Amino acid sequence: METYRVKVGAKGEIVLPVELQELFGLVADDTLDLCVDSEGKVFVRTAERSVRPLSDFFEDLIVSDLLAKGCSGDCLKNKLLERKLKLSTVLDRLSEEAHRAHKNGQSIKWWEAQALTSLGIQKGHKGLYHVMITTRGVHDLVVLRKEELREIPAVFESLEQDPFAFKRLRGPYYETYRVSFRSGAKEHRVIYTVFAEENLIVILTVGAREVIYDRLNGIA
Numbered sequence: 001m002e003t004y005r006v007k008v009g010a011k012g013e014i015v016l017p018v019e020l021q022e023l024f025g026l027v028a029d030d031t032l033d034l035c036v037d038s039e040g041k042v043f044v045r046t047a048e049r050s051v052r053p054l055s056d057f058f059e060d061l062i063v064s065d066l067l068a069k070g071c072s073g074d075c076l077k078n079k080l081l082e083r084k085l086k087l088s089t090v091l092d093r094l095s096e097e098a099h100r101a102h103k104n105g106q107s108i109k110w111w112e113a114q115a116l117t118s119l120g121i122q123k124g125h126k127g128l129y130h131v132m133i134t135t136r137g138v139h140d141l142v143v144l145r146k147e148e149l150r151e152i153p154a155v156f157e158s159l160e161q162d163p164f165a166f167k168r169l170r171g172p173y174y175e176t177y178r179v180s181f182r183s184g185a186k187e188h189r190v191i192y193t194v195f196a197e198e199n200l201i202v203i204l205t206v207g208a209r210e211v212i213y214d215r216l217n218g219i220a
C-alpha cells in the first residue's frame, strides 16, 4: 500500500500532489468523496469523473478477473482502481481518435453502414444530433447477428434526439455515454461520445457487454 502525505491549508484547503491527481485521473473542478467507516478509516473516491461511473459498467467483470488471478484484500482494491482508470483512459483515447477520424472524413452516417443497409432502412437526418460511425464501429456492427442489428436503428434514432438521457461514463476529458439494449438473453451496449458544440455524436463501439470489456482491455 502506498502512502501519500497531503497538507491542509489555514482555510481547510487541500492540494493533492501530482501523483495522486494522476492516480485518480483528476482534472480541474473534479470532486472527491471522503468516506469514513465506523472504525474511522477514510476511503477516497472520485465523485464526478472516471472511477465511480465506470464501476457500474465494468466492476463485476474486473473483480472476477482479479479473483481468478488470486488477487484479494489490498491487492484487489488497488488493482480494481488501477483497472478502472486504465479503461477510462482507453475510452478517452478512443473518443479522440474517433473525432479525428470524423474530421478527416473517415466516418459515415449511421444508416449508411453496410450491416444496417441490409435491413432495408430508408433514413435521412431528422434529429438534433448527427450520429456518425467510424471504421471501428462499422467493424463492430459486421459481427453482430441480424436479430441484434434490428435493435440498432431505434437506439441511434433516440441518440439523434437526446444523447444525454443515458448513462454517462465520464473520462477525464470527453463526454462519453452508453446505451443498453437487449437482444434475446444478452445485454448489449452502444458506447458513444458527444461533441455538443458540433451537434455531433461519434459511436465508439457496439456489442455485448462482455465483448466490449474484452475489446477495451485488448486496446489497453
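Numbering-wise (full-length UniProt numbering), the sequence shown opens with residue 1 and increments by one. We put the CB at the ideal spot given by N, CA and C, even for glycine. Computed from a predicted structure; not experimentally measured.
Fill in: Inter-residue Cα distance where the pair is H99 and G40
So the alpha carbons of these two residues sit roughly 46 Å apart.
Practice prompt. Please check the pair K109 and M132, which I expect to be a contact at CB under 8 Å, by giving their CB distance rounded to whole angstroms.
Written response: Yes, they are in contact, since the Cβ atoms of K109 and M132 sit about 6 Å apart, within 8 Å.
Fill in: Distance CB(R189)-CB(V179) smaller than 8 Å
Against a cut-off of 8 Å, the Cβ pair of V179 and R189 comes out as a contact.
Discussion item. DSSP three-state label for A47, please.
Written reply: Any reading at A47 needs caution, since the residue's pLDDT is 47, under 50, leaving its predicted position unreliable; the model's value is listed next. A47: coil per DSSP, three-state reduction.
Fill in: Range of the contiguous alpha helix (DSSP H) that encloses L94
Counting along the chain, the alpha helix (DSSP H) containing L94 begins and ends at G73 to K103.
Worksheet entry | Residue range of the alpha helix (DSSP H) that includes F216 | According to the sequence as given, residue 216 is Leu; it is not Phe. First-last of the alpha helix (DSSP H) with L216: R209 to I219.
Worksheet item: Do T176 and L91 come within 8 Å of each other at the CB atom, strictly closer than that value?
Response: Inclusion of L91 and T176 in the CB contact set at 8 Å is warranted, their separation being smaller than that value.
Item to complete: Return the residue from the list K167, S183, Y192 and K146 that minimises the CA-CA distance to R136.
Response: Comparing C-alpha distances from R136 to each of K167, S183, Y192 and K146 shows the shortest one belongs to Y192.
Worksheet item: Should D74 go down as buried or exposed, given a rule of 16 or more other Cβ atoms within 10 Å for buried?
Response: That one is exposed.
Worksheet item: How about Q106 and L128: do their beta carbons lie closer than 8 Å?
Response: Their beta carbons are not under 8 Å apart, which means Q106 does not touch L128 by this criterion.
Worksheet item: Taking the alpha helix (DSSP H) that I121 falls in, what are its first and last residues?
Response: For I121, there is no enclosing alpha helix (DSSP H), since its DSSP letter is neither H nor E.
Worksheet entry | Residue interval of the beta strand (DSSP E) (run including I191) | The continuous beta strand (DSSP E) containing I191 extends over residues K186 to F195.
Discussion item. Looking only at its chain, what residues have a beta carbon closer than 8 Å to the beta carbon of S55, apart from the 5 residues adjacent to it on each side?
Written reply: With a pLDDT of only 45 at S55, under the threshold of 50, the placement of this residue in the model should not be trusted; the figure read from the coordinates follows. Take S55, set aside five residues on each side of it, and the residues of its chain with a beta-carbon closer than 8 Å to its own are K84, in chain order.
Worksheet item: Just how far apart, CA to CA, sit G70 and L76?
Response: Going by the C-alpha atoms only, they are around 9 Å apart.
Worksheet entry | Straight-line Cα distance separating F164 from H130 | About 14 Å.
Worksheet item: Going along the chain, which residues of its own chain have a beta-carbon closer than 8 Å to the beta-carbon of E19, five neighbours each way excluded?
Response: Closer than 8 Å at Cβ, skipping near neighbours: Y4.
Worksheet item: How long is the line joining the alpha carbons of E187 and A208, rounded to whole angstroms?
Response: Those two C-alpha atoms are separated by around 6 Å.
Worksheet item: Which word fits T134, buried or exposed, when buried means at least 16 other C-beta atoms lie within 10 angstroms of its C-beta?
Response: Per the 10 Å Cβ criterion, buried.
Worksheet item: Using the beta-carbon count (16 or more within 10 Å), is L204 buried or exposed?
Response: The residue is buried, with at least 16 neighbouring Cβ atoms inside 10 Å.
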